[in-house]
Structures are given as structure tokens and as C-alpha cells.
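In what follows, a structure is listed as C-alpha cells, so that the remarks can point back to it.
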């Protein structure tokens, strides 16, 4: 629900922006292959259909979009194929009146980067810790004995 | 050694630690102090260690929108404040979709993610480097976590041009929550993202659990 609200807010923002052509968006704009993204567009009022040119992403050339409540607003959620190569894709969203918007989608590598072998990392040594604790205990007992005799 | 003046409250206690006049004997006191120091040292040693800890720091350079108009692959990266001057090679994703850094056999080489922008172009250019190796110690990006906002990074490109960046943020992320949008996502200006390992080293999987990410902005 929050996601939808964010999307609507984004659409509202682009709808208000002064622009000659349609305004498009893709949410999220960074995704790993195999996951869904939502394309949205604000075409001119009265435009009856719009579609996404999915070819570069390994999707159908024309993905029909679903009309929103407001005239000229469309969106569609699609899954990015798992075998899509990582990289930056400029995706065209085409309104039925012949105008179009281009959105940038990054299909990113998955997860973090394995950049270490561990040579400089040493885990906690519990045996040493126990030995240190023991020495501290003996020291504390000794200090107590010293103090008692010194009073 | 036995004192004739036994302490009234502790008639059975040893008097080896005190002089007959009631003052501490120096040797036992020193011994106790040595015990405490040794104990603290042992515990300190036992806690383990790792690459430099990354405090969360970030600042704004106040520069926006500057980009280089031409693309050219990076060949060298220099970061004077941490003594880095290293060759750069191209790296790519492996079959499982993860970015593969240069081989651990080349710990002093930095990798540039070849499916992103080149340094200086609009967007996030990504450089990755090892923090350490499996056996021999620190690697090229060992000190990455010590960078501070404003530190300069210079990337030499194949066309002979140099792109300079200013550090904006230094952050440590859990690999399970790696910020793909920050590192790889679209950006309206030219940025450089430097990535290495950080956090706790998991011996079971032979893998650091975190990634240190330095975000820098193109300055010229």
C-alpha cells in the first residue's frame, strides 16, 4: 500500500511538472533480474492506451498498460526475466497518440561484493578471554587482601 | 615474615602483604598490579580484530550536475590520503548474478564494473577492491574505511584524461541489505562508488558479512 502511495505521489509530481511530452517513471529504478518493476506514464488527457517497449529487457515488444483512474494515466507491473543481463536500460513507454517517454532502469548485480579473504580478521578467542578473566579475579582477590592488611 | 602485630579484625589472615608497621609491601602490590595488567591485556587480545571500523560519516560537497561528456574506461585509481595508487581492470557479474572482484591472486588490483558508466560519466561508476587476502594480509582497499568527506580520488582513464572525485560518504552495510540503488542505480550527476569488504569475517563461509561503500562526487 505504501508502495502504491509512493507511486501515486511520484505520478502526481510528474503530472504537475510543465512538460511537452508524456512523463514516465519506473519503480524501483534499480532491480535484480527476476524481480518485478512497475512502469507508469502520464500521457495527454484522453489518450486511451499506452504500452511499454519491453524488447531490450527480454520482454514482449509491446506490453499493454492498464489505465488508471485519471484519464491518460497508465501503469503496468512486469517481472524482469531472470536471465536479463545486468546493465542500464533505456525503456520507451509509448502513449496511444504517438508520443513517448524514456525511463532508465538499472538491472544490478545481486547482493554484496565478495572482497576479502579474511587474513586481517581475527575472531574472539574465548580461551584467552577466560584466562584473562581468571588473572583479573586473582588480581582482585590479591588487591582485597592488600587493602585489608593496609587498613 | 610473620608479624607480631596481628590485625584485630582478621586474626587468621596472612601478613605477607603488609609490613609490621601496617604499610603495603611493594612486591606483592606490584604482583597484583601485574596480574591485573596481564588480565586486561589477555582479554583485549582475545576480542579479535579486523579491517578498519567504519563510522558512518557523510558530508555534502555542494557540487552538482558536473559530468564528463565522453566515456573512457578507467586504467588507474589514486587515493593519496590512504596511499592507494593501483591499476584498474574490468570486472563483471558471474553466473549467479554477483559482481566478481579481481582474483584474490591480484590483491593490489582494482576492478571497474564494466556494465555501468565510466568514471566521470553521468551515473554511478563502480570500483571494487579487496580489503585483504586469505593468507598474506591487507589488500588494495584495506584503508578504505578511513576516508573522510572531502578526500580526493583521482581516476586516470584510457583516453589520458583524469577524473577527480571528492568523498561524500563512507558507510558500512550488511551484505544482506546491500544498497543496490545507491551503488548501481541511476544518478543525475557523475558519481564514483568504491566498494570493499568490512564488518565481521564469517569463518564458516569464508566471507565478510559487510561491505564498506565510499560514495564520491565528480569535481573535475
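Chains as they are written, first to last, in our numbering: chain A, 1 to 151; chain B, 152 to 371.
Think of the CB as a built atom: it goes at the ideal place given N, C-alpha and C, for glycine as much as any other residue.
Open item on the list: Please state the DSSP three-state secondary structure of residue 160/B.
Closed with: In this prediction, residue 160/B scores a pLDDT of 49, lower than 50, which makes its location untrustworthy; the coordinate-derived value is nonetheless stated afterwards. Coil, per DSSP.
Task: Beta-carbon proximity list for residue 148/A, same chain, < 6 Å, skipping 5 on both sides - done: Cβ neighbours of residue 148/A beyond the five flanking positions: none.
Open item on the list: Using the Cβ count rule (16 or more neighbours within 10 Å means buried), how would you classify residue 171/B?
Closed with: Classification of residue 171/B: exposed, given that the 10 Å Cβ count is below 16.
Open item on the list: Please tell me whether, using a cut-off of 8 Å, the distance from the CB of residue 309/B to the nearest non-hydrogen atom of the ligand MN is below it.
Closed with: Annotation note on the ligand MN: not contained in the displayed structure, which lists no ligands.
Open item on the list: In the DSSP output, what is residue 100/A paired with across the bridge?
Closed with: DSSP links residue 100/A through a beta bridge to 94/A.
Task: residue 132/A to residue 186/B span [Cα, whole Å] - done: Spanning the two alpha carbons is a distance of roughly 9 Å.
Open item on the list: Any beta carbon from chain B within less than 9 Å of residue 24/A's own beta carbon?
Closed with: Not closer than 9 Å to any Cβ of chain B, the Cβ of residue 24/A fails to qualify, so no.
TODO: Taking C-beta pairs closer than 7 Å, name the residues in chain B that residue 30/A reaches, listed in chain order.
DONE: Simply 331, 332, 335, 336.
Open item on the list: For residue 118/A and residue 286/B, I'd like the C-alpha separation in whole angstroms.
Closed with: Their backbone Cα atoms lie some 8 Å apart in a straight line.
Open item on the list: If we define contact as Cβ-Cβ less than 9 Å, is residue 17/A a contact residue for chain B?
Closed with: Interpretation of residue 17/A is limited by its pLDDT of 47, a score under 50 that renders its predicted location unreliable; the figure taken from the coordinates is listed afterwards. No, its Cβ sits nowhere closer than 9 Å to a Cβ of chain B.
Open item on the list: Quick check on this structure: which residue in 228/B, 329/B, 196/B, 195/B has the alpha carbon closest to the alpha carbon of residue 343/B?
Closed with: When the alpha-carbon of residue 343/B is set against those of 228/B, 329/B, 196/B, 195/B, the nearest one is in 228/B.
Open item on the list: Just to confirm my understanding: we take residue 218/B, look at its own chain, exclude 5 residues before and 5 after, and list those with CB closer than 8 Å. What are they?
Closed with: Scanning its chain for C-beta atoms nearer than 8 Å, with the 5 sequence neighbours on each side dropped, one finds around residue 218/B the residues 271, 272, 273, 340, 341, 369, in chain order.
- [ ] Tell me whether the beta-carbon of residue 134/A lies closer than 9 Å to the beta-carbon of residue 190/B.
- [x] Yes, they are a contact pair.
Task: residue 195/B - containing alpha helix (DSSP H), residue span - done: Element bounds for residue 195/B: 177 to 197.
TODO: Could you name the residues of chain E that residue 187/B contacts, counting a contact when the two beta carbons are closer than 7 Å?
DONE: Annotation note: the requested chain E is absent from the structure, which comprises protein chains A and B.
Open item on the list: For residue 311/B and residue 303/B, I'd like the C-alpha separation in whole angstroms.
Closed with: Looking at the two C-alpha atoms, the distance is approximately 19 Å.
TODO: With a threshold of 16 other CB atoms inside 10 Å of the CB of residue 181/B, please say whether the residue is buried or exposed.
DONE: Taking every protein chain shown into account, the CB of residue 181/B has fewer than 16 other CB atoms within 10 angstroms, so this residue is exposed.
Task: Opening and closing residue of the beta strand (DSSP E) in which residue 325/B lies - done: Its beta strand (DSSP E) spans residues 313 to 325.
TODO: Say whether the segment 39 to 58 of chain A touches the segment 96 to 103 of chain A, bearing in mind that this needs 3 or more beta-carbon pairs closer than 8 Å, one atom from each stretch.
DONE: Cβ pair count under 8 Å is three or more, so yes.
Task: At least 3 beta-carbon pairs within less than 8 Å: the segment 123 to 130 of chain A vs the segment 76 to 91 of chain A - done: The segment 123 to 130 of chain A, when compared against the segment 76 to 91 of chain A, does not touch it at the 8 Å Cβ threshold.
Open item on the list: If you follow the beta strand (DSSP E) that residue 359/B is in, where does it begin and where does it stop?
Closed with: That run of the beta strand (DSSP E) goes 358 to 369.
Open item on the list: Determine, for residue 224/B, whether the minimum Cβ-Cβ distance to residues of chain A falls below 9 Å.
Closed with: It does not: the Cβ of residue 224/B has no partner Cβ on chain A nearer than 9 Å.
Task: CB contact below 9 Å: residue 283/B versus chain A - done: Yes, contact with chain A.
- [ ] Consider the Cβ of residue 230/B: report whether some Cβ of chain A lies at a distance smaller than 9 Å.
- [x] No, residue 230/B does not count as interfacial toward chain A.
Task: Same chain, Cβ closer than 6 Å to residue 347/B, neighbours up to 5 away in sequence not counted - done: Excluding sequence positions up to five before and after residue 347/B, its CB lies within less than 6 Å of the CB of 280, 282, 292, 295, 363, all in the same chain and listed in chain order.
Task: CB contact below 9 Å: residue 366/B versus chain A - done: The C-beta of residue 366/B comes no closer than 9 Å to any C-beta of chain A.
Open item on the list: Would you call the segment 221 to 235 of chain B in contact with the segment 86 to 97 of chain A, where contact means no fewer than 3 C-beta pairs closer than 8 Å?
Closed with: As far as the Cβ criterion goes, the segment 221 to 235 of chain B does not touch the segment 86 to 97 of chain A, which means the pair count is below three.
Task: Close-in-space but distant-in-sequence residues of the same chain around residue 349/B (CB under 7 Å, 5 per side omitted) - done: The beta carbon of residue 349/B sits closer than 7 Å to those of 202, 205, 282, 296, 323, 359, 361, 362, 363, all from its chain and outside the five residues before and after it, given in chain order.
- [ ] Assign residue 326/B to one of two classes, buried (16 or more other C-beta atoms within 10 Å of its C-beta) or exposed (fewer than that).
- [x] Residue 326/B is buried by the Cβ-count criterion.
Open item on the list: I need the DSSP call for residue 233/B, collapsed to helix, strand or coil.
Closed with: Shown here, residue 233/B sits in a helix according to DSSP, grouped into three states.
Open item on the list: Rounded to whole angstroms, what is the Cα-Cα separation between residue 61/A and residue 41/A?
Closed with: Near 17 Å, if we compare the C-alpha coordinates of residue 41/A and residue 61/A.
- [ ] Starting from the beta carbon of residue 159/A, find every residue of chain B whose beta carbon is closer than 8 Å, and list them in chain order.
- [x] For residue 159/A there is no data in the structure shown, the boundaries of chain A being 1 and 151.
Task: Other residues of its chain near residue 153/B: CB distance less than 6 Å, five sequence neighbours each side excluded - done: No answer about residue 153/B holds up, because its pLDDT of 45 lies below 50 and its placement is not dependable.
Open item on the list: On the DSSP bridge list, what partners appear for residue 50/A?
Closed with: Note: residue 50/A sits in a beta bridge opposite 95/A.
Task: Cβ neighbour criterion (16 or more within 10 Å) applied to residue 35/A - done: The residue is exposed, with fewer than 16 neighbouring Cβ atoms inside 10 Å.
Task: Other residues of its chain near residue 236/B: CB distance less than 6 Å, five sequence neighbours each side excluded - done: Counting only Cβ-Cβ distances below 6 Å, and skipping sequence neighbours, we find 229.
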